[in-house]
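Note sheet for the following structure.
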Amino acid sequence: MPPRSLEIGPAGQAAVQAITRARTACGYPQRQLAARVTALGRPTAFTLLSHIEHTVRRCDIDGLVTIATTLGRPP
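Quick note, the working numbering runs 161 ahead of the 1-based positions in the sequence shown.
Here it is, written out as structure tokens:
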């Protein structure tokens, strides 16, 4: 079976940009944001956030909601 496409559409690209802007505006490095997301009950490594921000990996809806909550933003 061929690997699944990781192409991220326009909505996904917009979400990635919003996550990156909000994280930067809050002054959180990826490691700190990952620790805060983990503290909310969604175990997250900083490498996961890096992969999301560099569009290597998609962000699922549960992750998006938790990251947004951590950053004080609506999903």
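Cβ atoms here follow ideal geometry from the backbone N, Cα and C, with glycine treated the same way.
Q | Closest Cα partner of L244 within the set Y189, A196, R203 and H215 | A | The structure shown has nothing for residue 244, since the chain only spans 162 to 236.
Q. Going by the beta-carbon positions, is the gap between A195 and A186 smaller than 7 Å?
A. no
**Q.** Host alpha helix (DSSP H) of E214 (start-end)
**A.** F207 to E214
Q | Nonlocal neighbours in the same chain, by C-beta distance under 6 Å from R184, ignoring five residues either side | A | L194
Q: Please say whether T231 and R197 have beta carbons closer to each other than 7 Å?
A: yes
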